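Protein chains: 2
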Amino acid sequence: MTALTFQEIIMRLDAFWAAQGCLVMQPYDTEVGAGTAAPSTFLRVLGPEPWSVAYPQSSRRPADGRYAENPNRFQHYFQYQVILKPGPADPPGLYLQSLAALGVSDRDHDIRFVEDNWESPSLGSWGLGWEVWLDGLEITQFTYFQQSGGFDLNPPAVEITYGLERIAMYLQDVQAMTQIRWNDRITYGDIYRQPEIEHCTYNFELADIQTLHILFDLYEGEARRTLDADMVGPGLDLVLKCSHVFNLLDARGAVGVTQRAAYLGRMRGLSRKAATAYVAQRERLGFPLLNSAPPAAVSTVAPLDASVSDTSLDPARRADLLVEVGVEELPADDVTTAISQLRERAPAVLADAGLAFDDILVQATPRRIVLSVANVGVRDTVRDETVKGPPATAAFDKEGKPTRAAEGFARTHGLSVDQLTVQESAGRSYVMACKRVESRPVLDLLGECIARLVHGLRFGRSMYWETPEVTFSRPIRWLLALWGSEHVPATVSGVSSGTITRMPRGAEPRDIAVASAAAYPGIMDDIGVVLSVDERRRRILDESRALAEAAGGRLDDDHDLLEEVVNLVEWPTPLLGSFDLAALAAPPEALVTVMKKHQRYFPLYSGDGTLLPKFVAVANGRRERHDLIVHGNEEVLRARFADALFFYRQDLQKPLADFVPALAQLTFLERLGSLQDKTARLEALAPAVADVLGLDADPALLIRAARLSKADLATGLVRELTELQGAMGRAYATAAGEDPAVASAIAEHYLPRFAGDALPATTTGTALSVTDRLDTLVAAFAAGLEPTGSSDPYGLRRSALGLLLILVEHGSTVSLTQLIDLAAALVPIPLTDERHAALTTFLVQRLRIWLVEQGRMKEVVEAVLAIQGDQPGLVAATAAKLETALSSADFQRLMAGVKRADRIAPRDGALPLDSAVLTDPADRALLDAYEAAAARVAALRPDDVDGLVAATLPLADPIDRFFTDVLVMADDPALRASRLGLLQRIRDLPRRSFEVAQVPLPRA
Amino acid sequence: MTALTFQEIIMRLDAFWAAQGCLVMQPYDTEVGAGTAAPSTFLRVLGPEPWSVAYPQSSRRPADGRYAENPNRFQHYFQYQVILKPGPADPPGLYLQSLAALGVSDRDHDIRFVEDNWESPSLGSWGLGWEVWLDGLEITQFTYFQQSGGFDLNPPAVEITYGLERIAMYLQDVQAMTQIRWNDRITYGDIYRQPEIEHCTYNFELADIQTLHILFDLYEGEARRTLDADMVGPGLDLVLKCSHVFNLLDARGAVGVTQRAAYLGRMRGLSRKAATAYVAQRERLGFPLLNSAPPAAVSTVAPLDASVSDTSLDPARRADLLVEVGVEELPADDVTTAISQLRERAPAVLADAGLAFDDILVQATPRRIVLSVANVGVRDTVRDETVKGPPATAAFDKEGKPTRAAEGFARTHGLSVDQLTVQESAGRSYVMACKRVESRPVLDLLGECIARLVHGLRFGRSMYWETPEVTFSRPIRWLLALWGSEHVPATVSGVSSGTITRMPRGAEPRDIAVASAAAYPGIMDDIGVVLSVDERRRRILDESRALAEAAGGRLDDDHDLLEEVVNLVEWPTPLLGSFDLAALAAPPEALVTVMKKHQRYFPLYSGDGTLLPKFVAVANGRRERHDLIVHGNEEVLRARFADALFFYRQDLQKPLADFVPALAQLTFLERLGSLQDKTARLEALAPAVADVLGLDADPALLIRAARLSKADLATGLVRELTELQGAMGRAYATAAGEDPAVASAIAEHYLPRFAGDALPATTTGTALSVTDRLDTLVAAFAAGLEPTGSSDPYGLRRSALGLLLILVEHGSTVSLTQLIDLAAALVPIPLTDERHAALTTFLVQRLRIWLVEQGRMKEVVEAVLAIQGDQPGLVAATAAKLETALSSADFQRLMAGVKRADRIAPRDGALPLDSAVLTDPADRALLDAYEAAAARVAALRPDDVDGLVAATLPLADPIDRFFTDVLVMADDPALRASRLGLLQRIRDLPRRSFEVAQVPLPRA
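Chains as they are written, first to last, in the numbering used here: chain Z, 1 to 1004; chain D, 10001 to 11004.
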């Protein structure tokens, strides 16, 4: 038996990290969910002092318990936590060395760094980094810590968290945590199996909820008092106690989705307090550890001497440019982002620098961003450059003599005043300095371009790894820059360029010299890197399809997954794996979710679309033996499926309806009762909503669907895989023999989840979706929980948008006020007029933003909203039609007239319209035209802009004639009043659809 | 820098114990006071399954915090815990090897195993063992675990608990925990100093007492429910939470001495529950680890073949017997016990076995008990043996023929009926079987004697180390038994004899062969063992005195300490150490307590009795260099004194009176308020008590003393060293400028602490002592807290005895009833008549027991108590005098007459005494004598037995004459009545002092 025992793994890691200069410490002695929460991480990463530490940490996550029935999930387990602050030169490399010390080599295994950004909402801590996968098994969380307790880290810290049990199972090739050999006689199960069962029983069944609530409040109070007194250590302990009690409440199912946000906020506030006190304290103490760091490791990327070639100014001298930005594994999205941004910006940047070039090729893998430019050289050795100076009026006095301003400007540019010229610019005259400039050396220009291009890249989320000033998607670790065979000196983000590239991780030697830009592609091929995204995609598709076909199945078409996988590898190696048929007992949604979301596998389907017990995993790199890697991936899936099946079977023990009472334990929103209370409101509200929306839904089925709509939130599988909410509700409803309409509505009421998502297909689902959102919005506003600034903890903006999208899709004429009043009658907190108005404003604002995002003109949106704000279902169509109408010159003319009428006719007080006094032909013509139009308009729906246009266009001429021929403000008061009255009425004709005053017209 | 860093020490211990087959585990992740509380110890030591484990454990003992100001005491520190179950062959030897792995050798250092029996009252766990001293520094607790959670351990477990910080400080030669190098750059202080200060602040100042009380109750409730559901693991966690909360309450000073008992009881009950559930659970699981033990180590003591010498039956063949029982370090008292018991029993045991011998010498050190017997051999090769059979009446029928009983008896002893004889025994005739018996081989006899002698030894507290059946003071590890040069086969407590002795610990080779009994003393001298207690004592005294003299000081006379030290070493090496003069700022009582009680040092005094900054420590064994050992011992003392000084200085920050309010936090007795409440009662009660006792104490000073009497219990130093209560009260009172009488009374009110202790010297102290005890007793009885069976949790028996001893010493005439009534008026719970009576009975019983222990005749005690029970102050003197008087024949005669009078004269109803009818001369003589005696007796105090004797002796003759000459029961009723009336009055004369009826007289 040569595999390390569990205790030996820890001892090896202790020894390894001690040798790297880490403090080897003991686990923290109070219950924590992760090693991050211990003061050795949470506090010590703050402030400027160096701190490198390693320690195993018992971790307790009550909700993760499975009564020891899941092969690799216990609520109590061990992490091995390493903090390196500041980070060393090559943290992932150092980490791989530590795996080698455990006997795991990436020569034989597919070790991957897969984007995984970590966040602890209760600690106010987060970082960017990766899960490390060993043949598909997540064995480590690797994070560049960015914030702790709400504070930016400076310097940032590298956090490595080993999953010791996972590693041990892999090394010992055992199928369950219980089988891990702790030493040569005692297993992990011998020690922890029975306690695990008992702790699960306590956490899930026994712990007294009322007691836990009291404990949380007591500890919170103690924590606040203690931190107020600046006692950081005991204060943090008390915060950790809050956190553990919260975790117990959560395991007991006593924390609602929205209540959770409140709890997390309370804990985050305390954590922030602790962090603030700690930082202040260390400063007071003078940061005593500032000089405790070990000598810094020598950087392995030595900058080369910048030797400018003599020929680089020769315009005839062209050579290929090759720039490779070497990075730690980029998130897949960022690979795409980098490529598209570079493609767009590179031509301009190079051209601006006065460079000539041919084709530009941008390629990228997770580890390298490569810019290849053919035939780069200086465009001209010299060129003329014109610089704008002061206005001519300031440069010369009345006598035409140059002023001091002109003299200064000329001197600055090395010219005499005589040499200045005067040119027009934007309608004014300026003096200009025209001078001949010699081009700078091409290598200098290239160096500057490289820096501009790289620094100009923008990512969804950037991180820093040395100082907060230098950010990128992930740390930049090397820079290869060649112009032909010449080194291009450049520096990006603190990294100096060289002529070295790096092999894929784990290969030896790590570094390879690149003689020239031309040699680079061949080297990439040699070392097993496919630079082209298209080529990687092609290989994945071809090989995966071949594997699928051979296995009697086919892939589904999942564009997002494919694009992600393409950018997770440098050299794709699709491998076929299989899983036990028994797993198919679980609902396919769950299996597919696990395969795709968690493992990035491609599931296989049979011809009729049923799921097969097979998958394709795409490994990274080339290796001798694939069976080991397949075996590893299969084991991972087996364990994950076991987890899902465990819950699924447990959930099926009782019909879905029986989960409804458990909703009483899930708080909906603060002061707004439980999800069970909400369910009761939905049952009462849904039929009324269906009614006002004119939806043809069977009330009995709708009420049943409302009753069951949230029940799956209390099921184990959904608690575990929240993505499955709705889908599992449908599955469980079907299993329980509910009506298909009810089952569908449960799934559909979560639609749409975002703009562009599918809408509910059934009327029952539609009614339920609107009802749910309406209740949430009205309840939240009644309780004063509306979003503020960028904070929207309860997702109300998303709820509002979904509600509006359905109304728009259905072109519903329903009144918002009416809907809100229906819901307000049921929520437990009265909706005051002020809150009612706030909610209306909020909904209109969501609609406004969405319409503008849809490309509608802002003024058109405002014009329509001004009239139809209370009928959001009509607004989109109205605005679209109005915009179209406004493109016609006739309508523009009509509107110009109507707007002129509007400017003259008073807004307040309807004036008389006495046709007897309107005797002028222009009066009569307009009156007649108005009356004809008014008769037609009266029959139109407010959103019938086309009808409105058709009905009112005949007014265009009479209006123009009217304004030309008559004086509205006639001396005769009766006449004046009736003319204004007529204009009022004309002005008001379109105001059933939009506000005339806000309709935009082209400038004269 | 070659000394191990802190982290290296842990890694070395991990590696060492892993190599011994231990599981190396991680610390438990909830706050515990010691590694014992973790389930890996507390639970796993239960039941039959083997379990060997090692783990470091963060330990938190809130009350031990010193704000990081004490060089070696933090409230948070690390233990390294090892459990070996079953224990290996030589646990202390294995432990010493582990120290060697850390670089500590007992070749250079004085490593000692000093008795220290460990108990956790909250866990219901205890064991016997040692503190291990390294040059006087306690570095390890070494325990043979006997019970956990109230269960006997079978097999028992060896528990080794290393004090990691102590060891690190020693290895690194640093003077404070904060200076320990954790690794080569970071110190222990860098990590833990600031948190320590903060935790102390929280524990001592901030923690909310009310919150803690609630937490305790909540956790207790959860624990009970969880254990009721047999969920051992989470249940134990909750018990540990109770325990930590209790420790916090304690640190906040919120637990009174007696309240503590209640809390501990609650926790012990829960612990017991957890242990019970665990044992049942393991049994249900079938004790799955039963076969997990590593192969047992081969015992190093191989039994020799028993080869009986041919000449051992020759009575002329005599040889010296040498028996050495090798043990792990005995407690000092048990060395003495073993010697005295063996001295007493050996002659009889050897003689009973038919052995002849000359001188017997019994000697012992902590490691060996040695019996040397000169010239041992069989007394006779053959001898006659007589066995008693059935009574003669049963053995022979009326015809004198032998019955079947006689035949059977004869057959049993291999005789014919004819050979039986008849002999008298205790007044009856029995048949006897006389037979000639051949002696058994001398080696057999010796083997049996050795077993009988060793197994017959009884110790105050015995332990088991293999199976519960085999017990001894400490484990027996070898047995050397020689008769001349022949091996004596014997087995004691599972250990077979050999011819090997062992060197003192740490010496190599461990074992030495002993060729013959005669060679043994020389070997002992060679290896550095002084077997003779007297010789060790002489050496200690001579050398210590010489050292003291050279240092200009002298030792005090502390018999108990000397006797203990004599038996802590095999080879005493007194060494002179010194400490910093600054320490003398602390009160000498504190310094002396630390030196004597904690370190077993002899303090040095100057000629005028003031303490010198010097001490004598007695090391064990011979070594090259003593400076290392002296240095180590001095460092230990420095740290201990720093601890005492820390508190002392803190206490002096405010006058003693200012500690009185803090007494409100210390509960006195359940339902009886705080010590502050008690203080208020003492202030009110003391003057009244002084008054009824007739003590001439200034009331103002007495009240002041009462007020301050308990204040020192709230001071830091007394909380730390409770032995100093009273002494520190006096010191602090003096420092605060209180009247000397007040200061003395505070110290004296704790006197007497036991029978034979000094009594208060001042009247104020006397009054206060009586008052305090009286209040305690009355209050406790009012609350129903009196002792039951062997349980006296509040020390009421001791309180009662002290009270009585003072009354006796003062010969006080005070009435118990009166005293009790005075106190009862003040206690918060009414003292019912029944409780009053119970207290009186209790006090009388204490007095009775004490008097009998003083050697008074039981009947005399009863005679006096019957009359003077309510005046305990008089009883002792009365009884002593009565006993003396009863030794005179005259008084005996008088008493015989008086008792006769008592038997005749009715007890109820006083009869008339009409001198006119008493006309017989015997009547007249008796009447005259009575009247003369009565006149003298009336003036006597009840305890004036001498006066009573003198006054009543003249009655002796008249009484005798009266009974001879007159018929008491005369026919004349008047005469009869008067005669009986006279006898009544005579009988009643002594009944002011004792009960006539119970006076014992010699048998006729």
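Cβ coordinates follow ideal geometry from the N, Cα and C atoms, glycine included.
These numbers come from a predicted model, not from an experiment.
Contact list for residue i against chain Z, beta-carbon separation under 8 Å
i: Trp10186(D); result: Correcting the residue identity first, residue 10186(D) is Ile in this sequence and not Trp. Residues of chain Z passing the Cβ test: Leu23, Leu289, Ser292.
Strand pairing of residue i, partner residues [DSSP]
i: Pro10391(D); result: Tyr10430(D)
i: Phe10891(D); result: Paired residues: none, contrary to the question.
i: Lys10881(D); result: Per DSSP, none; premise fails for Lys10881(D).
i: Lys614(Z); result: Ser578(Z)
i: Asp10470(D); result: In the sequence as displayed, the identity of residue 10470(D) is Val instead of Asp. None, per the DSSP bridge assignment.
i: Trp17(Z); result: Paired residues: none, contrary to the question.
Within-7 Å CB hit, residue i to chain D
i: Asp29(Z); result: yes
i: Asn375(Z); result: no
i: Pro236(Z); result: According to the sequence provided, residue 236(Z) is Leu. The question's Pro does not apply to it. Judged by the 7 Å Cβ criterion, Leu236(Z) is not in contact with chain D.
i: Ala297(Z); result: Annotation note: pLDDT 47 at Ala297(Z) (below 50); position unreliable, coordinate value reported separately. No, because no Cβ of chain D sits closer than 7 Å to the Cβ of Ala297(Z).
i: Leu206(Z); result: yes
Min CB distance residue i to chain B below 7 Å
i: Asn247(Z); result: The structure shown contains no chain B; its protein chains are Z and D.
Three-state secondary structure assigned by DSSP to residue i
i: Tyr10648(D); result: helix
i: Pro10603(D); result: strand
i: Ala297(Z); result: Low confidence applies here, because Ala297(Z) scores a pLDDT of 47, under 50, leaving its location unreliable and the question unanswered by this model.
Within chain D, partners of residue i - CB distance below 7 Å
i: Val232(Z); result: Glu10198
i: Leu218(Z); result: Thr10211, Ile10214, Leu10215
Interface residues of chain D facing residue i [CB-CB closer than 8 Å]
i: Asp580(Z); result: Under the 8 Å cutoff, chain D gives no residues; its nearest Cβ is about 28 Å from Asp580(Z).
i: Gln281(Z); result: Gln10194
i: Phe78(Z); result: Gln10026
Interface partners of residue i on chain Z, CB under 7 Å
i: Pro10056(D); result: Gln26
7 Å Cβ cutoff, residue i in contact with chain Z
i: Thr10041(D); result: no
i: Gln10007(D); result: yes
i: Thr11006(D); result: Outside the displayed range of chain D (10001 to 11004) lies residue 11006(D), so it cannot be described from this structure.
i: Tyr10202(D); result: yes
Listed by chain order, chain D residues near residue i by CB distance under 9 Å
i: Asn183(Z); result: Ala10018, Gly10021, Cys10022, Leu10023, Val10024
Residues that residue i contacts on chain Z, provided the C-beta gap is smaller than 9 Å
i: Met10011(D); result: Met11, Asp14, Ala15, Ala18, Val24
Practice task
For the stretch 10120-10130 of chain D and the stretch 10431-10447 of chain D, state whether three or more C-beta atom pairs, one from each stretch, are separated by less than 8 Å.
Solution key: no
Problem - Meets three-Cβ-pair contact criterion under 8 Å: the stretch 10041-10049 of chain D and the stretch 10148-10157 of chain D - result: yes
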